[in-house]
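Just so you know, the sequence shown maps onto residues 853 to 1247 in the working numbering.
Here a beta-carbon is modelled for each residue, glycine too, at the ideal position from N, C-alpha and C.
Note that the coordinates shown come from a computational prediction; the quantities given were computed from them, not determined experimentally.
Report on the following structure.
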Amino acid sequence: MTRKAKSEAPASAIAESAHRLRYFEERKQAITETIRQLVEVESPSDNKPAVDRLGSLLAGRFEALGGHAKFHRTPNFGDHLQVDFAGKSSAKPVLLLGHLDTVYPMGTLSTMPCRISGQKLYGPGCFDMKSGIALMLYAIEALRVWHGDELARPVTVLLVSDEEIGSDSSRHITENLASKSQAVLVLEPSYGAKGAVKTARKGVGEYILKVTGKAAHSGLDFEKGESAIVELAKQIIAISKFVDLKRGITLNVGSVRGGTRSNVIPAEASAVIDVRVARIKDAAAIDRRLRSLKPFNRKCKLQISGGVNRPPMERTPKVAALYQQARAIAEQMHWKLEEAAVGGGSDGNFTASLGIPTLDGLGGVGDGAHASHESILISELPRRTALLAGLIETV
Ligand SMILES: [Zn+2]
């Protein structure tokens, strides 16, 4: 590359991105106000009417931007909202992925009201992930303004209603739309104080181990009993040896139950196990190891159920390439966008494991997801929106 070419192209790109950043800086209050509106429509996963209220509000907002909204009806959870935007080009759409639901029970707003303090907006679900939804709205609006009331390329928005409870009812919709898309941009919260995007997420599984022993009176017939609790305790020690931190494999026995009273040899005991793996092949290996557990006491029976419900999002070359594109856009704004690998799963795990380039954690920068101090940084909103708009155009 000649010296001239090297200095010219970036200069115009940098000027353009400065212009875009200014555009979003001017809309910072409007974006913040939208986030407040979304937070003030509470939407716990288990409350269909509440989630549907938020879905309708957003369908209206996206339709006002020229999108075609449709709902995937679900009897027990909120309806999943899909919005399709046509584009000038015949490129495959970019899928903007997110969720409507939050982990906060109805009425949380009364003890945890949405409020602004300094550069922070607080409120249930503001970080995970109502600010991400607001970024979608403003990025799409801007792209239409910049391209003469039309998007340069097709965009699909999918907001599911059950992400916080495992995405069982939406998974097939997410996978179907992702498989038709060029790339998937997930507007889940970013990572850490610097707002890193997420290029790897662990796969998540849940298993239940049940032990059946034999009850007996602990005083009269001690030797006739087979303690399910003793057996479970030994199994828990065995399971804890499957942990391999270097490979990113963790197993956590998160709860145990068993027995009835102190003078009865317990006939039943069970444990719930959370499993996290960084690589898909480790999911299969751990599954095999759990299913082949043998009782230490031959007179006890083991029963294992469950499985890995979110495959890991691995940092494949396609994921890395998408991150590089995001980094280049950020760099034009003099911003060093970092990446992170995290232990929690999202719907991005499904799309990445299908082999569709996926970048996660593009949403707000904040703190306290799922906690009483959940908040986002208002000052970060303009450049996050500019990054999203840039990615929609370039991927
Ligand atoms: Zn989330």
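Neighbourhood of residue i by C-beta, 7 Å cutoff - its chain only, sequence neighbours within 5 removed
i, result
"Ile-985", "Leu-890, Leu-910, Gly-950, Leu-1011 and Leu-1039"
"Thr-1250", "A question about residue 1250 goes unanswered here, because the residues of the chain that appear run from 853 up to 1247."
"Gly-1242", "Ile-1181"
"Ser-1021", "Thr-926, Phe-929 and Asp-1014"
"His-924", "Asp-931, His-932, Gln-934 and Ile-1025"
"Leu-1138", "Note that residue 1138 is Ile in the sequence shown here, rather than Leu. Counting only Cβ-Cβ distances below 7 Å, and skipping sequence neighbours, we find Phe-1094, Ile-1101, Val-1127 and Val-1129."
"Ala-1080", "Val-1063, Thr-1064, Gly-1065, Gly-1110, Pro-1118, Ala-1119, Glu-1120, Ala-1121 and Cys-1152"
"Gly-1196", "Arg-1053"
"Ala-865", "Gln-1184"
Neighbourhood of residue i by C-beta, 6 Å cutoff - its chain only, sequence neighbours within 5 removed
i, result
"Leu-948", "Met-988, Val-1009 and Leu-1037"
"Glu-1191", "Ala-1048, Val-1049, Thr-1051 and Tyr-1175"
"Thr-886", "Ala-986"
"Thr-1237", "Phe-876, Leu-987, Tyr-990 and Ala-991"
"Lys-1032", "none"
"Pro-945", "Pro-1006, Val-1007, Thr-1008 and Ser-1033"
"Pro-1163", "Gly-1055, Ile-1132, Asn-1201 and Ser-1205"
"Ile-1017", "Ser-897"
"Leu-906", "Val-893, Ser-895 and Leu-952"
"Ala-921", "Ala-911, Phe-914, Glu-915 and Val-935"
"Lys-856", "Note that Lys-856 has pLDDT 43, beneath the 50 cutoff, so the model's placement of it is unreliable and the number below is only indicative. Excluding sequence neighbours, Lys-856 sits near nothing in its chain."
"Ala-867", "none"
beta-carbon residue i near ligand 1 non-hydrogen atom, thresh 7 Å
i, result
"Glu-1078", "no"
"Ser-1198", "yes"
"Leu-1040", "Checking the displayed sequence, the identity of residue 1040 turns out to be Glu instead of Leu. Result yes, Cβ under 7 Å from ligand 1."
"Met-964", "no"
"Ala-1015", "According to the sequence as given, residue 1015 is Glu; it is not Ala. Because some heavy atom of ligand 1 lies under 7 Å away, the Cβ of Glu-1015 counts as near it: yes."
"His-951", "yes"
"Asp-820", "Only positions 853 to 1247 of the chain appear in the structure, and residue 820 is not among them; the question remains open."
"Asp-980", "yes"
First through last residue of the alpha helix (DSSP H) which encompasses residue i
i, result
"Val-1247", "That residue, Val-1247, is in no alpha helix (DSSP H); it is neither H nor E in DSSP."
"Tyr-990", "983-998"
"Gly-1208", "In the sequence on display, residue 1208 carries Ile and not Gly. It is not in any alpha helix (DSSP H) - Ile-1208 carries neither H nor E in the DSSP assignment."
"Val-841", "Shown here, the chain extends from 853 to 1247; a query on residue 841 therefore has no answer."
"Leu-1214", "Here Leu-1214 belongs to no alpha helix (DSSP H), and DSSP marks it neither H nor E."
"Asp-1134", "1132-1143"
"Ser-1227", "From DSSP, Ser-1227 is part of no alpha helix (DSSP H) but of the beta strand (DSSP E) over 1227-1229."
"Ser-962", "960-963"
N- and C-terminal bounds of the beta strand (DSSP E) containing residue i
i, result
"Gly-1110", "1102-1110"
"His-1052", "The sequence shown places Ala at residue 1052, not His. Here the beta strand (DSSP E) through Ala-1052 covers 1049-1053."
"Glu-1120", "1120-1129"
"Arg-1162", "1153-1162"
"Ala-921", "920-924"
When the options are compared against residue i, the one with the closest alpha-carbon
i, options, result
"Ala-1221", "Gly-930, Pro-927, Gly-975 and Ser-897", "Gly-975"
"Ser-1019", "Glu-1232, Ala-1238 and Phe-1202", "Phe-1202"
"Ala-815", "Ala-1193, Gly-1200 and Ile-1244", "Outside the shown range of the chain, which is 853 to 1247, sits residue 815, and nothing can be said about it."
"Pro-1118", "Leu-1154, Ala-1068, Lys-1151 and Ser-1092", "Ala-1068"
"Ala-1223", "Leu-933, Thr-954 and Gly-1057", "Thr-954"
"Ala-882", "Lys-940, Ser-983, His-1186 and His-932", "Ser-983"
"Ile-1244", "Gly-1057, Ile-1228 and Leu-1214", "Leu-1214"
"Ile-915", "Val-903, Leu-933, Lys-900 and Asp-904", "This sequence places Glu at residue 915; Ile is not what is there. When each option's Cα is compared against that of Glu-915, the closest is Leu-933."
"Gly-918", "Ile-1228, Glu-993 and Lys-1046", "Glu-993"
"Glu-1226", "Ser-941, Asp-931, Ile-968 and Ser-942", "Ile-968"
"Leu-973", "Arg-1140, Leu-995, Leu-1239 and Val-1217", "Val-1217"
"Thr-960", "Ala-943, Gln-971, Cys-978 and Gly-970", "Cys-978"
"Tyr-1043", "Met-981, Gly-1077 and Asp-1001", "Met-981"
"Gly-970", "Leu-1229, Leu-1233 and Leu-1239", "Leu-1229"
"Arg-1099", "Thr-963, Asp-1134 and Gly-939", "Asp-1134"
"Thr-1168", "Leu-995, Tyr-956, Gly-1207 and Ala-902", "Gly-1207"
"Pro-1147", "Gly-1197, Gly-1106 and Val-1082", "Val-1082"
"Arg-1240", "Ala-1178, Asp-1219, Ser-1198 and Leu-1189", "It should be pointed out that residue 1240 corresponds to Leu in this sequence rather than to Arg. Closest option to Leu-1240, Cα to Cα, is Ala-1178."
"Thr-1246", "Ile-866, Ala-943, Ser-1198 and Glu-878", "Ala-943"
"Val-1194", "Val-1116, Pro-1041 and Pro-862", "Pro-1041"
"Ser-1198", "Val-997, Arg-1023 and Lys-900", "Arg-1023"
"Ala-902", "His-871, Ser-869, Pro-957 and Arg-879", "Pro-957"
8 Å Cβ shell around residue i - same chain, five flanking residues per side excluded
i, result
"Val-1171", "Thr-1051, Ala-1052, Met-1165, Ala-1204, Pro-1209, Thr-1210 and Leu-1211"
"Leu-1145", "Leu-1061, Gln-1087, Ala-1090, Ile-1091, Leu-1154 and Ile-1156"
"Leu-1084", "Leu-1061, Val-1063, Val-1108, Gly-1110, Ala-1121, Ser-1122 and Ala-1123"
"Arg-1235", "Leu-873, Phe-876, Ala-1182, Met-1185 and Trp-1187"
"Tyr-1059", "Val-1124, Ile-1125, Val-1127, Leu-1142, Ile-1156, Ser-1157, Gly-1158 and Gly-1159"
"Glu-1232", "Gly-1047, Gly-1216 and Val-1217"
Exercise. Which runs of the beta strand (DSSP E) fall wholly inside the region 1003-1030 and span at least 3 residues, in chain order?
Worked result: Listed in chain order, they are 1007-1012.
Exercise. Considering only residues of the region 1175-1205, which uninterrupted beta strand (DSSP E) runs meet the minimum length of 3 residues and lie entirely inside it, listed in chain order?
Worked result: Taking 3 residues as the minimum length, the beta strand (DSSP E) runs contained wholly in the region 1175-1205 are 1191-1194, in order along the chain.
Problem set entry | Runs of alpha helix (DSSP H) wholly within the region 870-906 (minimum 4 residues, chain order) | Correct list: 880-891.
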